[in-house]
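As you go down the protein sequences, you meet chains C and E in turn.
If you count the first sequence from 1, you need to add 5 to reach the numbering used here.
If you count the second sequence from 1, you need to add 11 to reach the numbering used here.
Before any comments, here is the structure.
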Amino acid sequence: MAGNIKIRAKSSNGVTTVKSLMSHEMETGLRKDKKTGEPIPAHFIQEVTAKWNDQVVMKALWSGGVSKNPYLSFKFNGGSEGDTIEITWVDNKGQSETGTAEIS
Amino acid sequence: MIDAKRRTLLKGSLGASAVGVAVGAGLLTPGAVLANWPKEAFAAKDTDAALNDLLGTDATESSDKVKIKAPDIAENGAVVPVTVESDVSGAKSISIMAAGNSTPLIASFELGEDAVPFVSTRIKMAETADVIAVVKTDDGLLSAAKPVKVTIGGCGG
Chain C
6 MAGNIKIRAK SSNGVTTVKS LMSHEMETGL RKDKKTGEPI PAHFIQEVTA
56 KWNDQVVMKA LWSGGVSKNP YLSFKFNGGS EGDTIEITWV DNKGQSETGT
106 AEIS
Chain E
12 MIDAKRRTLL KGSLGASAVG VAVGAGLLTP GAVLANWPKE AFAAKDTDAA
62 LNDLLGTDAT ESSDKVKIKA PDIAENGAVV PVTVESDVSG AKSISIMAAG
112 NSTPLIASFE LGEDAVPFVS TRIKMAETAD VIAVVKTDDG LLSAAKPVKV
162 TIGGCGG
């Protein structure tokens, strides 16, 4: 299940646009296994933190209503080429993953 | 109004103690409990309850300063692209709800001081319904809604 977080960040006219793709099943807990009829346990990202260098620019709180392999794009004022963007997610099982990219 | 607030407060404290008991009983590992993940709001069955739990009020003012970009028709409810943007100054957070889902609150984005009020993501929708975006400002909650027709629902088994 674990994959890396793909991040692309581009700065233009003083605004940085970040696009990211995470790898996660985002299971709501509402679905049932078609063969056994057993409910499939919930397993989804609950929190995503985005940092520009060491500053938090955005924190997302999610439910299982976000689509599988989540896509997230956001913008912030500032940022220049070579600055670091770091995105971390934590899911409802306590697993987490972090990805970084430089602004281009 | 007072009653509604009181109910929210009661619900909030009940929820908190339930989580505490679950942790104490070893049902949840502490690592799996995020202190500020709004469990009650995400479990709420309607949009008003979700807003009350998440933001403390369901009083929203519909505003053309909140813009939602979403398809008119979504062929696959499991993946509905939604972009929310606002030109209001001092936006604190953006919340996205799908009114027809059994638990409507999908995501809430807390904006840092340098963040531009813009988020784009993909959500699941169980049925044809409004996508509702709520932007929190110092002057209250601004909202917008956009109907999306869903051909195949994205939450069922």
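Where is the CB? At the ideal position from N, CA and C, for every residue including glycine.
All figures in this text were calculated on a predicted structure; none of them were measured in a lab.
Counting the other CB atoms within 10 Å of its CB gives S85/C a total below 16, which places it among the exposed residues. V90/E and I12/C have their alpha carbons spaced roughly 20 Å apart. Nearest to K24/C by alpha-carbon distance, out of I90/C, G34/C, T103/C, S72/C, is I90/C. Cβ neighbours of K37/C within its own chain (closer than 8 Å, five residues either side excluded): E43, P44, I45.
Secondary structure at D96/C: strand, using DSSP grouped into helix, strand and coil. Annotated three-state conformation of K50/E is helix, per DSSP. Boundaries of the alpha helix (DSSP H) harbouring D64/E: 58 to 66, taken from the DSSP string. DSSP places K40/C in the coil class of the three-state scheme, outside both helix and strand. Contact annotation: K147/E and L66/E have beta-carbon atoms nearer than 7 Å. Chain C places a beta carbon closer than 7 Å to that of I134/E, counting this residue as a contact.
Three or more Cβ pairs drawn from the segment 62 to 75 of chain C and the segment 15 to 30 of chain C lie within less than 8 Å of each other, which places the two stretches in contact.
Residue state for L26/C is assigned as strand, using DSSP reduced to three classes. Taking 3 residues as the shortest admissible run, the segment 99 to 129 of chain E contains the following complete beta strand (DSSP E) segments, listed from N- to C-terminal end: 104 to 109, 116 to 122.
The Cβ atoms of A47/C and E32/C lie closer than 7 Å to each other.
For A137/E, the three-state secondary structure derived from DSSP is coil. Apart from the 5 residues on each side of it in sequence, S101/C sits with its Cβ closer than 7 Å to the Cβ of T93, W94, V95 in its chain, given in chain order. At the C-beta level, I163/E and G88/E come within 7 Å of one another. Taking all protein chains shown into account, D64/E has 16 or more neighbouring C-beta atoms within 10 Å of its C-beta and is therefore buried. A110/E places its beta carbon less than 7 Å from that of I143/E. The three-state secondary structure of V95/E, taken from DSSP, is strand.
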